[in-house]
Amino acid sequence: MEETHKLYYSISEVADELEVSMPTLRFWESEFKQIKPYKNKRGVRFYTKNDIALLKEIHYLTKTCGYTLEGAKNYLKQQRLAQTSSGNKKQENPNVETVRSLQEVKDFLLDLKETL
Numbered sequence: 000m001e002e003t004h005k006l007y008y009s010i011s012e013v014a015d016e017l018e019v020s021m022p023t024l025r026f027w028e029s030e031f032k033q034i035k036p037y038k039n040k041r042g043v044r045f046y047t048k049n050d051i052a053l054l055k056e057i058h059y060l061t062k063t064c065g066y067t068l069e070g071a072k073n074y075l076k077q078q079r080l081a082q083t084s085s086g087n088k089k090q091e092n093p094n095v096e097t098v099r100s101l102q103e104v105k106d107f108l109l110d111l112k113e114t115l
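Residue numbering for the sequence shown is 0 to 115, as defined by numbering that gives the first Met the number 0.
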């Protein structure tokens, strides 16, 4: 996703960013009650940056760390409880962006290798 000052992102933009399908995002929305994209009268979903940060964390937990959906739910619940008790604001897991950046570097290097 480009660095813009958009308030909302379409489901296709978010799916492309996370490299998952749109049905996967809709499924995660049904499984994780914290994901609440804005829906217009026609039911078209629009995601905020906070929604996307949570989806990135879910993606990291399930696809990279190998958590089950239940495990990811429990992890997020424990994280929320810890933050509530300590009074800290939610901070995105720094590993989410690190893994994404490393994946982009890997993809670039594999493309470069193919051209040699």
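Glycine included, each C-beta is placed from N, C-alpha and C at the ideal position.
Quick caveat, the model's predicted, so the values are computed rather than measured.
Beta-carbon spacing of residue i, residue j below 8 Å
i   : j   : result
V13 : L6  : no
Q33 : L53 : yes
A71 : I51 : no
D75 : E30 : First, the amino acid is wrong: residue 75 is Leu here, not Asp. It is not a contact, given that the beta carbons lie outside the stated cut-off.
Whole-angstrom distance between residue j and residue i, CA atom to CA atom
i    : j    : result
N73  : F26  : 17 Å
K62  : R41  : 31 Å
K38  : V98  : 30 Å
Y46  : E28  : 11 Å
E16  : Q82  : 27 Å
Q102 : S20  : 18 Å
P22  : S11  : 10 Å
L115 : E18  : 26 Å
Y66  : R79  : 17 Å
K105 : L111 : 10 Å
R44  : L60  : 23 Å
K55  : P36  : 14 Å
K48  : C64  : 22 Å
S100 : S9   : 22 Å
F107 : E113 : 10 Å
Per-residue DSSP class, three states only, for residue i
i    : result
F45  : strand
S9   : strand
L17  : helix
L115 : coil
### Task
Pick out the complete beta strand (DSSP E) segments inside the segment 19-86, 3 residues or longer, and give them in chain order.
List check, beta strand (DSSP E) in window: 44-46.
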